[in-house]
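In the UniProt record's numbering, the protein residues as written are 1 to 139.
Below is one structure, written out as structure tokens; the observations come after it.
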């Protein structure tokens with residue numbers, strides 16, 4: 001068996017949005033991301049946003065179909081193939097959730113333990129587009 005390719009980490013996650021400027025603003029104001037770069041081609045505007053080692057590539061595509069309601073809910077999202085959410089590590093889940101509630105961000109799944117005995121905990125919010133964002137505290 002040959003050796004697998006050498007990976008250096010997860011470079012970025014991509015998401016299609018309906019309003020690029022609104023999404024950049026939401027991630028900046030709500031989670032502290034910064035705009036790293038923008039580019040595009042006919043019918044598509046794109047941007048990289050980042051915070052520390054985390055990068056998200058956002059696409060606004062004129063031909064994109066809207067996200068289904070099932071993708072917006074943690075209980076139905078897992079029934080759909082493909083990548084279903086973005087998970088961001090936090091040092092203190094309770095503090096992060098409290099801060100986001102103060103900012104009027106809806107907590108769509110309140111904090112709970114991962115059922116693997118590790119002591120890790122998670123909660124879900126939605127970004128301005130309704131995409132699920134998991135907040136994950138390592139046990």
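Even for Gly, the Cβ is constructed at its ideal location relative to N, Cα and C.
Nothing here was measured: the structure is a model prediction, and the numbers come from that model.
Annotated three-state conformation of residue 13 is strand, per DSSP.
Assignment of beta-bridge partners to residue 50 by DSSP yields 34, 55. Only exposed fits residue 102, as fewer than 16 other CB atoms lie within 10 angstroms of its CB. By the neighbour-count criterion, in which 16 or more other beta carbons inside 10 Å mark a residue as buried, residue 2 falls on the exposed side. Exclusion of the five residues before and after residue 22 leaves 128 as the residues of its chain whose Cβ lies within less than 7 Å of its Cβ.
Residue 61 carries a strand assignment under DSSP once its states are collapsed to helix, strand and coil.
DSSP, reduced to helix, strand and coil, places residue 6 outside both helices and strands of the structure shown, so it counts as coil. Bounds of the alpha helix (DSSP H) holding residue 101 are 93-102.
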